[in-house]
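I have placed the structure first, in the form of structure tokens, so that the comments after it can refer back to it.
Chains as they are written, first to last, in my numbering: chain W, 13 to 127; chain D, 13 to 127; chain L, 13 to 127.
Structure below.
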């Protein structure tokens, strides 16, 4: 069984391929400060790139967890989500709240996809 | 590799079958307002129905994440959980806190099962 | 398809083997009160033991979710994490916040590994 790890930082890998699946870390924006919509767009673009590097794409996402510091941000992130997501292949999803690593961070998204 | 998606809404699928597994969204109650126990019972009944539609059942759940807005709700939800769960086949579980989508929501449950 | 469950309590299994993967519950420390570092060390030792019992080990972890009651605890937990983790095989990770089951609990960690 081979496990392939992508974009390792000091403490995690941004994506891990194993057993026919791709597991991504919770992804956040780099360009800060920025609005919920701007951060969501940046995060989803990073997810596209990570999935592509692992031989997958957004149509193959099976589940997604989204963390926001305030649940009221959900409407704004959903606007960007709906423009991005493959509407013929919607993942299972949970959107919940958490304090994020940096007070400027307004959204963190983690996905699991089939290869 | 075929991916089968169940009960798509505008933004997610309630359940996704892939790679021998079934991934469910975070499920919440529709009948609101209701007590923690009532909501937990409704959510677990929805999970039973989604697992059945995907050819699985509660004895095959491998992991479960539960979100409650206040950790003190855990005792009440556990009473309903213990009546429902297959005690010979207990999943891995984490019960943590989150603000939920609607202030009336008192529990959200996400499970992953083998098909 | 066989599913193997390890260390069942009344409400969960500490680890579940299925489909070539090992799914662990959110693990917390028993020795309380204790510092973030002490609790992280105890939790990671428990995770080592559970992975070993399921025929896996920390080099095969694909994803990890960490919950802390205050995001500022991340620096302390990361110090212990960095001494423990297999730096050649870093998992995907998300570190988010949650009220935990007991006010003395300062960290909860859940991992998924390949067998």
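All C-beta atoms in this analysis are idealised placements derived from N, C-alpha and C, irrespective of residue type, glycine included.
Any C-beta of chain D sitting closer than 8 Å to the C-beta of residue 102 of chain W? Start at 1 with the first residue of the first chain, and residue 102 of chain W comes out as number 90. True, the Cβ-Cβ gap to chain D drops below 8 Å.
Length at least 3, wholly inside the region 95 to 122 of chain L: the beta strand (DSSP E) runs in chain order: 104 to 109
Which residues in chain W have a C-beta closer than 7 Å to the C-beta of residue 28 of chain D? List them in chain order. Taking the second chain and counting its residues from 1, one reaches residue 28 of chain D at position 16. Residues of chain W passing the Cβ test: 74, 75, 103 and 104.
Does any residue of chain C have a CB that is nearer than 8 Å to the CB of residue 51 of chain W? As a matter of chain content, chain C is missing from the structure shown, whose protein chains are W, D and L.
CA nearest to the CA of residue 19 of chain W, picked from W:109, W:37 and W:91: Here residue 19 of chain W refers to the residue found at position 7 when the first chain is read from its first residue. The shortest Cα separation from residue 19 of chain W among W:109, W:37 and W:91 belongs to W:37.
Does the Cβ of residue 103 of chain D have 16 or more other Cβ atoms within 10 Å, making it buried, or fewer, making it exposed? The residue given as residue 103 of chain D occupies position 91 in the second chain. The residue is buried, with at least 16 neighbouring Cβ atoms inside 10 Å.
Nearest chain D C-beta to residue 17 of chain L closer than 8 Å, yes or no? The sequence position of residue 17 of chain L within the third chain is 5, counting from 1. Yes, contact with chain D.
Quick check on DSSP: helix, strand or coil for residue 59 of chain W? Along the first chain, read from residue 1 onward, the residue named residue 59 of chain W stands at position 47. Helix, per DSSP.
Which of helix, strand or coil does DSSP assign to residue 79 of chain L? Counting from 1 along the third chain, the entry for residue 79 of chain L is found at position 67. In this structure, residue 79 of chain L counts as strand in the three-state DSSP scheme.
Provide the residue span of the beta strand (DSSP E) that contains residue 27 of chain L, from first to last. Reading the third chain from its first residue, position 15 is the one you call residue 27 of chain L. First-last of the beta strand (DSSP E) with residue 27 of chain L: 25 to 30.
Given 8 Å as the limit, is there contact between the region 81 to 97 of chain W and the region 42 to 55 of chain W, that is, 3 or more CB pairs closer than that? yes
Quick check on the burial criterion: 16 or more other C-beta atoms within 10 angstroms. Buried or exposed for residue 72 of chain L? Here residue 72 of chain L is taken as the residue at index 60 of the third chain, counted from 1. Looking at its Cβ environment, which holds 16 or more other Cβ atoms inside 10 Å, residue 72 of chain L is buried.
Considering only the alpha carbon of each residue, which of D:45, D:124 and D:28 lies closest to residue 116 of chain D? Here residue 116 of chain D refers to the residue found at position 104 of the second chain. Here the closest residue by C-alpha is D:45.
Tell me residue 36 of chain L's beta-bridge partners as DSSP assigns them. Here residue 36 of chain L refers to the residue found at position 24 of the third chain. Residue 36 of chain L is bridged to L:27.
Among the candidates D:127, D:99, D:126 and D:118, whose CA atom is the shortest distance from the CA of residue 22 of chain L? Residue numbering aside, residue 22 of chain L sits at position 10 when the third chain is read from its first letter. Selected option, being the one with the closest Cα: D:99.
Starting from the beta carbon of residue 35 of chain W, find every residue of chain L whose beta carbon is closer than 9 Å, and list them in chain order. Counting from 1 along the first chain, the entry for residue 35 of chain W is found at position 23. Those are 74, 75, 103, 104 and 124, listed as they occur along chain L.
Residue 63 of chain L burial status per 10 Å Cβ neighbour count (16 or more: buried): Translated into positions along the third chain, residue 63 of chain L becomes position 51. That one is buried.
Provide the residue(s) that pair with residue 84 of chain W in DSSP beta bridges, ordered along the chain. Taking the first residue of the first chain as 1, we reach residue 84 of chain W at position 72. According to DSSP, which records beta bridges pairwise, residue 84 of chain W is partnered with nothing at all.
Please say whether residue 114 of chain L and residue 32 of chain D have beta carbons closer to each other than 8 Å? Working through the second chain from its first residue, we reach residue 32 of chain D at position 20. Working through the third chain from its first residue, we reach residue 114 of chain L at position 102. It is not a contact, given that the beta carbons lie outside the stated cut-off.
Look at residue 106 of chain D and residue 120 of chain L and say whether their C-beta atoms are less than 8 Å apart. Residue 106 of chain D sits at position 94 when you count from the first residue of the second chain. Residue 120 of chain L sits at position 108 when you count from the first residue of the third chain. In this structure, residue 120 of chain L lies closer than 8 Å to residue 106 of chain D by Cβ.
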